[in-house]
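Before any comments, here is the structure.
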Amino acid sequence: MLRCCTVCCGVQDGASPREIFFLTSQWYPEAVIQMARAIRRLEPWKIAVIVVSVIVGLALIIGLITFLLCHDQDRYYNASFLITNVDYSPQYERQTTDEFRNLSEDIETMISEVFRGSFLSKRYIRSHVVSLSPDPGGVVASVVLVFKFPSADSEATTWGHINRVLLRRLKATSTYLDVDQSTVRLTELNKEKGDNLLNNCCGIRRQAFSFTGVERITGGQRAREGEWPWQASIQLDGTHRCGASIISNTWLVTAAHCFRGVRDPRRWTASFGILLRPPKQKKFVRRIIVHERYSDFLLDHEYDVAVVELASAIEFTSDVHSVCLPEASHIFPDNTSCFVTGWGALENDGYSVNQLRQAEVRIISTEVCNRRQVYGGAITPGMLCAGYLEGQVDACQGDSGGPLVHANSRGIWYLVGIVSWGDECGKQNKPGVYTRVTYYRNWIHSRTGI
Numbered sequence: 050m051l052r053c054c055t056v057c058c059g060v061q062d063g064a065s066p067r068e069i070f071f072l073t074s075q076w077y078p079e080a081v082i083q084m085a086r087a088i089r090r091l092e093p094w095k096i097a098v099i100v101v102s103v104i105v106g107l108a109l110i111i112g113l114i115t116f117l118l119c120h121d122q123d124r125y126y127n128a129s130f131l132i133t134n135v136d137y138s139p140q141y142e143r144q145t146t147d148e149f150r151n152l153s154e155d156i157e158t159m160i161s162e163v164f165r166g167s168f169l170s171k172r173y174i175r176s177h178v179v180s181l182s183p184d185p186g187g188v189v190a191s192v193v194l195v196f197k198f199p200s201a202d203s204e205a206t207t208w209g210h211i212n213r214v215l216l217r218r219l220k221a222t223s224t225y226l227d228v229d230q231s232t233v234r235l236t237e238l239n240k241e242k243g244d245n246l247l248n249n250c251c252g253i254r255r256q257a258f259s260f261t262g263v264e265r266i267t268g269g270q271r272a273r274e275g276e277w278p279w280q281a282s283i284q285l286d287g288t289h290r291c292g293a294s295i296i297s298n299t300w301l302v303t304a305a306h307c308f309r310g311v312r313d314p315r316r317w318t319a320s321f322g323i324l325l326r327p328p329k330q331k332k333f334v335r336r337i338i339v340h341e342r343y344s345d346f347l348l349d350h351e352y353d354v355a356v357v358e359l360a361s362a363i364e365f366t367s368d369v370h371s372v373c374l375p376e377a378s379h380i381f382p383d384n385t386s387c388f389v390t391g392w393g394a395l396e397n398d399g400y401s402v403n404q405l406r407q408a409e410v411r412i413i414s415t416e417v418c419n420r421r422q423v424y425g426g427a428i429t430p431g432m433l434c435a436g437y438l439e440g441q442v443d444a445c446q447g448d449s450g451g452p453l454v455h456a457n458s459r460g461i462w463y464l465v466g467i468v469s470w471g472d473e474c475g476k477q478n479k480p481g482v483y484t485r486v487t488y489y490r491n492w493i494h495s496r497t498g499i
């Protein structure tokens with residue numbers, strides 16, 4: 050019902066019939082009337098600000114919704130299948146054996162060919178063999194597959210696409226591996242489980258990094274997050290003393306000389322991540338085991354290896370996890386390209402840096418390194434040289450104990466050496482000298498079980 054409309058109702062002359070209707074309705078809220086009057090009193094520039102703010106807010110909301118619906122996200126799957134033309138070998142139990150590497154490389158190549166040649170080629174990221182298990186019919190392979198799909202895509206739909214491509218193309222692609230089609234199983238993994246499976250495989254770098262040119266740690270290129278996830282810093286009374294390498298979630302390997310004169314584990318901590326401050330993680334040390342034949346008083350650098358047990362387990366992530374240890378029998382040929390990393394000084398007698406650095410070096414033969422003008426016979430079987438005879442590229446003080454690593458044909462990184470000693474930093478005819486990991490591989494296993 051409408052009230053009688055008179056001048057006393059507050060309706061101004063010239064109001065339209067619609068305005069009169071709403072302003073005189075019994076149900077018209079008083080607050081809206083007050084708001085309408087307030088808006089009429091606003092200056093034009095204030096109204097413009099309000100309108101622009103509303104438009105910007107709506108644009109942000111729409112943009113956020115669009116991003117959530119359309120941005121790509123990683124999706125993980127586990128594929129398992131029986132390979133019938135390969136007999137199982139106990140060597141497949143360890144991921145670091147040549148047998149495991151060779152078969153895994155064949156499987157990963159086959160999987161890549163399956164998806165690279167399909168309509169999913171732009172969605173496929175990588176595959177990684179996580180285990181090879183025995184079966185009466187041959188070998189069962191378990192493989193993690195990683196794809197990128199828009200977050201709005203249905204999980205059931207993407208699983209269906211992948212499963213169909215896998216079943217259809219495996220038969221045509223597996224020319225050198227016989228896969229029993231009836232055993233193929235594809236399971237979607239949540240992100241946490243997919244990450245855990247990959248992070249618990251040693252030597253994996255989750256992102257593709259490029260590193261070109263020869264840089265030295267002394268003034269060279271800074272490392273990026275996740276580039277060298279096995280790098281650790283061991284610290285005496287909170288100050289960086291040496292580098293180390295993660296070989297399991299509770300064990301590090303480093304140089305024995307780092308603990309010269311100070312072996313009380315209560316004074317030592319270990320930190321992880323590319324920055325010394327702030328670190329990704331930090332752990333107390335439970336136990337330090339220095340090679341029993343290493344001497345603090347002799348300067349011959351023999352037996353320069355130690356392992357460190359942590360008081361609590363490292364939480365493995367894409368930025369922090371272990372490097373692979375090679376088999377004792379493995380040979381890294383002369384001139385092999387390797388990388389050395391550390392927080393060491395940028396020049397001889399300089400100070401450590403806060404952000405991890407990296408350098409590419411090459412293995413130099415012991416024969417060359419033992420020449421009179423180089424190290425004059427000081428290089429023993431437990432050591433190896435890496436760098437360049439012309440100098441400039443080298444590790445330096447503070448890099449001691451850190452990793453020298455090499456990637457195999459699968460892109461899996463192995464610990465080749467431990468930064469040990471040298472004559473100053475980057476000096477001509479004085480390359481870096483490293484503890485040879487294969488020489489001490491059995492000793493490391495005897496102390497850590499790894």
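Per my numbering, the very first residue in the sequence shown carries number 50; after that it's consecutive. Virtual Cβ for every residue (Gly too), placed ideally from N, Cα, C. Since the model is a prediction, treat every value here as computed from it, not as a measurement.
Asked: Secondary structure of D227, DSSP reduced to three states; Found: coil
Asked: Where C251 falls: helix, strand or coil (DSSP); Found: coil
Asked: Integer-rounded CB distance, given that G450 should sit under 8 angstroms from A272; Found: Going by Cβ atoms, the distance from A272 to G450 rounds to 17 angstroms, so no, they are not a contact pair.
Asked: Beta-carbon separation (whole angstroms), W279 vs S371, contact threshold 8 angstroms; Found: 6 angstroms
Asked: Beta-carbon proximity list for G310, same chain, < 7 angstroms, skipping 5 on both sides; Found: D345
Asked: Classification of H289 by the beta-carbon crowding that lies within 10 angstroms, buried from 16 upward; Found: buried
Asked: Top-ranked residue by Cα proximity to E364, from K329, N384, D383, E341; Found: K329
Asked: Helix, strand or coil at V423 according to DSSP, with G and I counted as helix; Found: coil
Asked: Beta strand (DSSP E) segment containing A319, residue limits; Found: 317 to 321
Asked: Residue range of the beta strand (DSSP E) that includes D184; Found: 173 to 184
Asked: Distance between beta carbons of N384 and L438, contact taken as under 8 angstroms; Found: Contact flag wrong, Cβ pair sits at about 12 angstroms.
Asked: Where I283 falls: helix, strand or coil (DSSP); Found: strand
Asked: CA-to-CA distance, L131 to G186, given in whole angstroms; Found: 7 angstroms
Asked: DSSP beta-bridge partners of Q270; Found: Q407
Asked: Alpha-carbon spacing of C291 relative to C474, whole angstroms; Found: 16 angstroms
Asked: Endpoints, the alpha helix (DSSP H) within which G209 is located; Found: 204 to 222
Asked: C-beta atoms of D244 and F196 nearer than 9 angstroms; Found: no
Asked: Check: R290 C-beta below 8 angstroms from any heavy atom of the ligand PLP; Found: Among the components of this structure there are no ligands whatsoever, and the ligand PLP is therefore not found.
Asked: Coil, strand or helix - P199 by DSSP; Found: strand
Asked: Per DSSP, the bridge partner or partners of H289; Found: Q284
Asked: Whole-angstrom distance between V389 and E237, CA atom to CA atom; Found: 37 angstroms
Asked: Integer-rounded CB distance, given that L453 should sit under 8 angstroms from A427; Found: 18 angstroms between Cβ atoms; not a contact.
Asked: Straight-line gap, V135 to E142 (C-alpha atoms, nearest Å); Found: 15 angstroms
Asked: Opening and closing residue of the alpha helix (DSSP H) in which S153 lies; Found: 147 to 165
Asked: Bridge partners - W300, DSSP secondary structure assignment; Found: E358
Asked: Cβ pair V302, A377 closer than 9 angstroms; Found: no
Asked: Simplified DSSP state of K476, which is helix, strand or coil; Found: strand
Asked: Environment of K332 [buried if 16+ CB atoms lie within 10 Å]; Found: buried
Asked: Residues near Y488 in its chain [Cβ-Cβ closer than 7 angstroms; skip 5 each side]; Found: P430, G431
Asked: Classification of T318 by the beta-carbon crowding that lies within 10 angstroms, buried from 16 upward; Found: buried
Asked: Backbone secondary structure at W94 - three-state DSSP; Found: helix
Asked: Boundaries of the alpha helix (DSSP H) in which H455 is found, first to last residue; Found: Per DSSP, H455 belongs to no alpha helix (DSSP H); it is in the beta strand (DSSP E), 452 to 456.
Asked: Cβ contact (3+ pairs, closer than 8 angstroms) linking the segment 212 to 230 and the segment 143 to 150; Found: no
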